[in-house]
Amino acid sequence: MLEGLPQPKRRTRTAPDGVTPAEHLPVARVCVDLVPAHLDRVFEYLVPAALAEAAVPGTRVKVRFGAQDVNGYVLERVAEADHDGTLQPVRKVVSTEPVLTPEVARLARAVADRWAGTLNDVLRLAIPARHARVEAEAPAAADDVVTPSPSATAWAPYRGGAAFLQHVTAGGAPRAVWSALPGAEGDRWPDAIAQAVAACVLGGRGALVVVPDARDIDRVLAALESAGVPRWTPGTTGGAVRLAADDGPAGRYRSFLAALRGRATVVVGTRASAFAPVTDLGLAVVWDDGDPLHAEPRAPYPHVREVLALRSELERCALLVAAHGRSVEAQALVESGWAREVAADRPTTRARTARVLALTSVELAREGPAAAARLPAPAWRTLRDRLADGPVLVQVPRAGYVPAVACGRCRAAARCGVCHGPLGLTTADGVPTCGWCGRLATDWRCTECGAGALRSVRVGSERTAEELGRAFPGVPIRVSGARAAGGVLASVPDAPAVVVATPGAEPVAPGGYAAALLLDAAVSTAGAGLRTGEEALRRWLTAAALVRAGGAVVLVGDAEERATQALVRWDPAGYASRELAERVELALPPAVRIASVTGPRDAVDTLVSRLDLADAEILGPVPVDSAEHDALEPAVRALVRVPRTAGAALARALSASLAVRSARREGGTVRVQLDPEELG
């Protein structure tokens, strides 16, 4: 039986007429693919004798529910049923491949319980759609042996790094939060992760690495090859497999089956790969856990870091939470004693990091009126002087040309005359375009003063590249970003060039950048979000880590002071510790658990009113802007806050209230999110 699943009392089973039940374990407990929350439970079906060999736990089946045939997964087979009436038979075994392993089933149930979701919602995230042709492909014929290269050189600068690898190789389950240093030549964090994975494989266990995007997958796979863990290919056994939605249905399912069948011992992938069925999992790694891409946008909205933490406990495997920065949640794991810190000492940090200069209004006071320039003289000189040594990175927080404009006379924000969305420019001589509805504002006039002239408010990466191209004629200008003509660049040559990139799209220079300019720092820390400063520091550190030792990093603008100082000192752990202390004092996550309930006021009030929690504090509801709700029924948001120790009780209470709402078919669309990334 699967632990954590409801175990009903034993009763007499009755078979329908004309159906011969299986002789051995004739009752299947099935998770049925149903959306309503009140149906989040296990249903029992009779296994016909003809399907006795095929309907094993983990297989996909077709069963009758009401008046329709629906899909489901066999969770287990038992001898006696709880239901005291006639059981419906399993109609069909869709596939004999047991795609739902007991370990993943337990993890999915734990994730659903923690985030007040349903098991079926989590299984949709965990198991890719079936691809019959891929499933029918012949399995590997030979059992190759992967022998990693035992090395720990990348971990030498870190206190506790070598000990962590030794525990992993010996079959232990250590948990660590690792603050990665910049590479001596380019981006070296993949080498350290590869050595940790190699240590796990050397000990005879499998490993899982979850990264934010496809570029990071390629970096880790390349590093694994250097560490003696080759890429898995069809027809072989052993090695590392890539698991990402970008690979398409066939490619993703092929990689999933390689891990499921034990053909691939290492899985490297993006968000959904946190549920990958790795055989004998010994190490789970999440890189850059503060990246928003690790937060699942679909119900029940789990986060990779927390999913892997649950998996570490359930499967007793090692866990490595790694990043250049330090999320507040990772710091909470360290301060609670649940995980150990792996970090370099201050002398090593100073030797491995570039020199950081913050050009705030105080530092630029001597420049006079020139201090107001977007690229002040000290930054311009750094760019000019460092170009002779190699490429220079310029990070711009916003994409596009001029993403926001205002009236040239009164400086009121320019708005669309139809939907009132913000206007922006895509080219220097283009027509203002609405960022919401896409309409062209050909005859725009300011509603405040009637003027028709526009001025830029926010400058994007394309306009920045254009300005730098004029300032440095003859120097190659490369733009990297989702909206750029060339897309997101993976790498750039070690030759003089100006590389303009948006956060998260910075390409790697093999020998490291000679310098980095972080423009519009005030924009990065503007806003009242809970994670604004933390996210800004994470983006700055990610860019600064690409600069070689001895290079220069220039932060331009009056950003939030604590984030600025943390970058100058290269002290993400100190910043996270102070943030955590403040959140404990103010009763904010992760010191407490908070649920966000958004929807029409009547629906939100009804759902929240059913929560019977002694320690709960209800904040709101307050109106919110949401395109997901009808304008005739304005959306509101209520926050339910409880102490950390009452988090499980809050999740259970929300699940029960959602089940009642589903059973009663209450109107309105309500979104319930536990531990939301932002509270606003």
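Residue numbers for the sequence shown follow numbering that gives the first Met the number 0, beginning at 0 and rising by one.
Ideal placement from N, C-alpha and C gives every residue a C-beta, glycine not left out.
This structure is a prediction, so every number in the text was calculated from the model and none was measured.
Spatial neighbours of residue i in its chain, beta-carbon cut-off 8 Å, leaving aside the 5 residues before and after
| i | result |
| --- | --- |
| P229 | V145, L223, G237, G238 and A239 |
| E334 | S576 and L579 |
| L638 | I593, A594, S595, V596, I617, L618, G619 and L678 |
| E493 | Looking at the sequence provided, one finds Asp at residue 493 rather than Glu. Cβ neighbours of D493 beyond the five flanking positions: G389, P390, A508, P509 and G510. |
Pick from the options that is closest to residue i, judged by C-alpha positions
| i | options | result |
| --- | --- | --- |
| G65 | A51, P47 and D32 | D32 |
| T95 | A51, D120, A111 and L124 | A51 |
| A484 | F471, G429 and E461 | E461 |
| C316 | G170, L332, V98 and L201 | G170 |
| P291 | L122, A535, E616 and R108 | A535 |
| L180 | A647, E559, L540 and R592 | L540 |
| T446 | G667, V341 and A413 | A413 |
| V89 | D519, D83, V62 and R108 | V62 |
| L74 | Q67, D68, T85 and V46 | V46 |
| L280 | S150, R253, P211 and R310 | R310 |
| L38 | A658, V497 and R670 | A658 |
| C436 | G449, G429, V417 and V430 | V417 |
| T381 | G261, D604, R113 and A551 | A551 |
| P395 | D442, E466 and G429 | Before going on, a small fix: residue 395 reads as Val here, not Pro. Looking at the Cα atoms, E466 is the closest of the given residues. |
| R123 | A648, P156, P301 and P599 | P301 |
Rounded C-alpha distance that separates residue i from residue j
| i | j | result |
| --- | --- | --- |
| D214 | L386 | What sits at residue 214 in the sequence shown is Arg, not Asp. If you take the alpha carbons of R214 and L386, they lie about 26 Å apart. |
| A452 | R444 | 8 Å |
| L653 | A543 | 42 Å |
| G289 | G528 | 15 Å |
| A342 | R538 | 19 Å |
| V607 | A294 | 24 Å |
| L1 | P56 | Low confidence applies here, because L1 scores a pLDDT of 47, under 50, leaving its location unreliable and the question unanswered by this model. |
| G389 | T348 | 23 Å |
| D629 | D601 | Residue confidence is low: D629 scores 47 on pLDDT, short of 50, so the model does not pin down where it sits. Its coordinate-derived value is still stated next. When rounded, the distance between both Cα atoms is 14 Å. |
| T19 | V69 | 22 Å |
| A221 | A151 | 17 Å |
| A53 | E22 | 14 Å |
| C30 | G71 | 5 Å |
| V200 | R253 | 21 Å |
| L691 | F471 | Residue 691 lies beyond the range of the chain shown here (0 to 679); nothing can be said about it. |
| L517 | V284 | 29 Å |
| R680 | A195 | A question about residue 680 goes unanswered here, because the residues of the chain that appear run from 0 up to 679. |
| S661 | A162 | 51 Å |
| L318 | G84 | 46 Å |
Anticipated Cβ contact below 8 Å, residue i with residue j, distance rounded
| i | j | result |
| --- | --- | --- |
| R482 | A398 | 5 Å |
| F274 | L106 | 7 Å |
| T463 | V546 | About 19 Å separates the two Cβ atoms, so there is no contact after all. |
| L299 | A111 | Correcting the residue identity first, residue 299 is Pro in this sequence and not Leu. Yes, P299 and A111 are in contact; Cβ-Cβ is about 6 Å, under 8 Å. |
Cβ shell of residue i (< 6 Å), same chain only, five flanking positions each side left out
| i | result |
| --- | --- |
| D614 | V641, P642 and A645 |
| E627 | Its pLDDT being 47, under 50, E627 is placed unreliably by the model, and the measurement read from it follows with that caveat. Answer for E627: no residue qualifies. |
| P495 | L386 |
| D557 | T359, S360 and A521 |
| A78 | L24 |
Where residue i sits in the DSSP three-state scheme
| i | result |
| --- | --- |
| Y252 | helix |
| Q87 | coil |
| V469 | It is worth fixing the name first, because residue 469 is Arg in this sequence and not Val. Helix. |
| G549 | strand |
| E340 | strand |
| S576 | helix |
| R365 | helix |
| D723 | For residue 723 there is no data in the structure shown, the boundaries of the chain being 0 and 679. |
| D629 | Only weak support is given to the placement of D629: the predicted model assigns it a pLDDT of 47, under 50, and the value that follows is read from those uncertain coordinates. Residue state, collapsed to three classes: coil. |
| E305 | helix |
| G268 | strand |
| P101 | helix |
| L681 | Outside the shown range of the chain (0 to 679) lies residue 681, about which nothing can therefore be said. |
| C30 | strand |
| E96 | coil |
| G686 | There is no way to answer for residue 686, as the model of the chain reaches only from 0 to 679. |
| V635 | strand |
| K8 | Residue placement at K8 is flagged as unreliable, the pLDDT there being 47, under the threshold of 50; a coordinate-derived value is accordingly withheld. |
| E184 | Its pLDDT being 49, under 50, E184 is placed unreliably by the model, and nothing is read from it. |
heavy atom of the ligand FMN below 6 Å from residue i C-beta
| i | result |
| --- | --- |
| P147 | As far as ligands go, the structure on display features none, and thus does not contain the ligand FMN. |
CB contact below 7 Å: residue i versus chain B
| i | result |
| --- | --- |
| P47 | Reference to chain B is not applicable here, since this structure consists of a single protein chain. |
Chain-order list of residues whose beta-carbon lies under 7 Å from that of residue i (same chain, five-residue window excluded)
| i | result |
| --- | --- |
| V219 | P189, I192, A193, V208, V210 and V267 |
| G503 | none |
| A257 | W231, V240 and A263 |
| G480 | A398, S460, V487, A500, T501 and A504 |
| A135 | none |
| P328 | With the sequence shown as reference, residue 328 is identified as Glu, and Pro is not the correct amino acid for it. Around E328: R304 and P589. |
| G185 | Residue placement at G185 cannot be trusted, given a pLDDT of 43 that sits under 50; the coordinates are not used to answer. |
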